[in-house]
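Below is one structure, written out as structure tokens; comments come after it.
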Amino acid sequence: MTNLSIEMGGAGRAAGKLRRGRVPLGVLLAGLILTFMVVCALAPGFVAPYDPYAPDLLASLKPPSWAHIFGTDQLGRDIFSRVVHGASYSLYIGLCATALAVAAGIVIGLSAGVAGGVIDLALMRVIDVLLAFPGLLMSMAVVAFLGTGVTNILIAIAIASIPGYARIVRAQVMVVRTSGYVEAARVLGQPPMRTLLRHILPNTVGPLIVLSTLGIGSAILQSAALSYLGLGPKAPTPEWGLMLSEGQGYLRRGWWVGIFPGVFATATIISTTVLGRYIKALTDGRA
Amino acid sequence: MALAKELFTRLLAGAAVLWAAASLAFIVLQLLPSDPVQVIYGADSTVTPEMRDRIRADFGLDQPLWRQYAGFVGRTVTGDLGTSYQQRRTVVSIITSELGSTITLASLAVLLAFSMAVLATLATAGRDNWLRRVISSLELVSVSTPAFWIGLLLLTFFSFQWPIFPVVGDQGWKSLVLPVATLGIALFGTLSQVMRNEMDQALEQPFALTARTRGLSLWAVRWRHALRHALIPALTIAAETFGALLAGAIITEQVFGRPGLGRITLQAVRNQDIPVVLGVVLFSAFVFVTINIIVDLLYRVVDPRLRARA
């Protein structure tokens, strides 16, 4: 329909517009931001000019200046230094929670997909029920049992995201199981365990790794939310969500208290999402 | 007849999900390391062993496990979600007393998010221009920004910098504006992304071209034909949307100090008031199942093809 003169409003926007060898500007920017965050997380002392815990009551709630580019908080602590130190908490929780959830998802999804029958049915029903709950409510329920703290919200976020990964793994196993190479391995007389580990597992994990890149962003989002709700780390910890909830009472006197931790959190989450989508688009194009 | 049969199947499946949710809740209660008596009275209380037994009997904890289970499921089915450890009220009365406030907030937020998503979809689907890029970026920001930060930004600008709206408390519609905006903005991105994706596909189908050749304007094709297609995925994620609303309400109510379901959930989580936590979880499972049944019926209204098939 190349020569039809009927305007469709520019329809036919190709999904795979990605050109090989050229990285879009947004993705480049996301990569830069994440690199910065990783540097902040690994070597905060290198980036931060001040001690994130040192109070200076004489300099409390000072607006951004050359000395304190993000201003100071209610206790006179340098907000930029605190925000830089905060990167490690978010990245740590985001990465570990996702890794835990993916690992558990692989075990559950693989067992369900390979075992089949009643086990598969039962596991998938339970997962359907768990998927029914919003992630935040589920992780809050887990926190209700475990109590608050960094490790506990990490576990809670992981548990809340297991069902999603388990379901994806199981669906992937279903596809792989009936594929030619698995059939061939079986016909050639390979033991089932070997087929599982050498053929089914690698072909199932690939797509999962891509999806988990996207999952890291939402895990960071959740950790910030749980911390804001006061279920994460305790008071002097420079965690972004916690900083925002502590600073909320001082917004009237200093807008900067409520801006910068949020900018860092949002920039990190957007960057992981952009990067995750890019990786997904690349691998989709290849498949 | 076919409709009645399908409705019956749906109800049965829904009941199964609820039963599974109640069973999971029961297992969780059993796995709980702490003793309810301790949660209620604290570790260092002077409760005598006799009183302890009385309390345990009150909560039915002296019964054999299978009777506790049967009792728990039975009570849950009849709408009895137990009694709070912290407040001496039934979980149901706590939930119902706080529900109204959350429903007001959530329904207005859905209305806002949905209207924004429909507008964004109609304006940008099937196009590739600057407006689409702007709106796509806004969606990405909406999906990725922590809801509490959206709320704090709105507070900073519209309550502190320019005192248009009240900070906290209940001052009629004025105190609803910022919470509704917070929740609506947070919800908008997902809805809009899903709807536009579907409309993109609908506009590429032959019927869209046919409608254009019949002389319909671009706008009319979108409004009269393609929008229906975009509504289907919006229905599909209705239950997820409810989940997102509940999660968003927990945060929004905290930011703006509003009463509601979210506030009591957070309170219960902080105080480890397990019956209330499980009550909210079971209640949300119930609403989730109900929404899914309604959605399945609504598909037929939106998509005539399903009516023909049944």
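Residue numbers (this note's numbering), protein chains in the order written: chain A, 1 to 287; chain B, 1 to 310. All residues carry an ideal CB built from backbone N, CA and C; glycine is no exception. Please read all numbers here as calculations on a predicted model, not as lab measurements.
In this structure, the beta-carbon distance from Val257/A to Gly247/A falls below 7 Å. Considering only beta carbons, the part of the region 266-287 of chain A lying closer than 8 Å to chain B consists of Thr266, Ile269, Ile270, Thr273, Val274, in chain order. Distance between Val83/A and Lys234/A, taken at the CA atoms: about 16 Å.
Residue Gly254/A holds the alpha-carbon nearest to the alpha-carbon of Phe160/B among Ala41/A, Gly254/A, Thr272/A. Contact between Gly135/A and Ala160/A holds, with the beta-carbon distance rounding to 5 Å and staying under 8 Å.
A residue is called buried when at least 16 other Cβ atoms come within 10 angstroms of its Cβ; Ala43/A does not meet this threshold and is exposed. Against chain B, the CB of Met37/A has no partner CB under 7 Å away; the residue lies outside that interface. Ranking Trp66/A, Asp73/A, Tyr53/A, Gly109/A by CA distance to the CA of Val205/A puts Gly109/A first. For Ile93/A, the enclosing alpha helix (DSSP H) has its first and last residue at 79-115. Neighbourhood of Val141/B in chain A, by CB distance below 8 Å: Thr266, Ile270, in chain order. Remark: C-beta atoms of Pro63/A and Gly76/A do not approach each other more closely than 7 Å. In the DSSP annotation of this structure, the continuous segment of the alpha helix (DSSP H) that includes Gln254/B starts and ends at 238-256.
At a beta-carbon threshold of 8 Å, the residues of chain B lying near Gly217/A are Ser144, ordered along the chain. The beta carbon of Phe207/B is closer than 8 Å to those of His225 in its chain, skipping five residues each way along the sequence. Under the three-state reduction of DSSP output, Thr72/A falls in the strand class. Interface annotation, Trp255/A: in contact with chain B, CB-CB separation under 7 Å. For the alpha helix (DSSP H) assignment, the uninterrupted runs of no fewer than 4 residues enclosed by the region 189-223 of chain A are, from N- to C-terminal side, 192-195.
Here Thr90/B carries a strand assignment [DSSP, helix/strand/coil]. Between Tyr165/A and the set His199/A, Val114/A, Val107/A, the nearest pair of CA atoms involves Val107/A. Listed in chain order, the alpha helix (DSSP H) elements of length 4 or more contained wholly in the region 34-71 of chain A are 44-47. When the alpha-carbon of Gln86/B is set against those of Thr265/B, Pro304/B, Ser284/B, Leu65/B, the nearest one is in Thr265/B.
By the C-beta criterion, the region 210-222 of chain B is judged not to be in contact with the region 267-277 of chain B, since fewer than 3 inter-stretch pairs fall below 8 Å. A distance below 7 Å between beta-carbons, with the five flanking residues on each side excluded, links Leu203/B to the following residues of its chain, in chain order: Ala125, Gly126, Ala226.
For Ala268/B, the enclosing alpha helix (DSSP H) covers residues 261-270.
Secondary structure of Thr83/B (DSSP, three-state): strand.
For Phe133/A, the C-beta contacts it makes with chain B under 8 Å involve Gly243, Val281, Ser284, Ala285, Phe288, in order along the chain. DSSP places Arg252/A outside both helix and strand once states are collapsed to three, so it counts as coil. For Gln193/B, the uninterrupted alpha helix (DSSP H) run begins and ends at 174-203, by DSSP. Identification of chain A residues near Phe160/B by a Cβ-Cβ cut-off of 8 Å yields Leu251, Arg252, Trp255, ordered along the chain. In this structure, Pro192/A is the residue among Ser212/A, Pro192/A, Leu275/A, Ile33/A with its C-alpha nearest to the C-alpha of Ser111/A. Apart from sequence neighbours up to five positions away, the residues of its chain that approach His85/A with a beta-carbon distance below 7 Å are Pro44, Ala48, Pro52, Pro238, ordered along the chain. Between Leu245/B and Ala109/B, the beta carbon gap of about 7 Å places them in contact (Cβ cut-off 8 Å). With a threshold of 16 other beta carbon atoms within 10 Å, Val289/B meets it and is buried. Within 7 Å of the CB of Leu155/B, the CB atoms of chain A belong to Leu251, in sequence order along the chain.
Closest in C-alpha terms to Ser227/A, from the list Pro179/B, Leu218/B, Phe188/B, Arg270/B, comes Arg270/B. In this structure, DSSP gives Ser115/B a helical state, which the three-state scheme calls helix.
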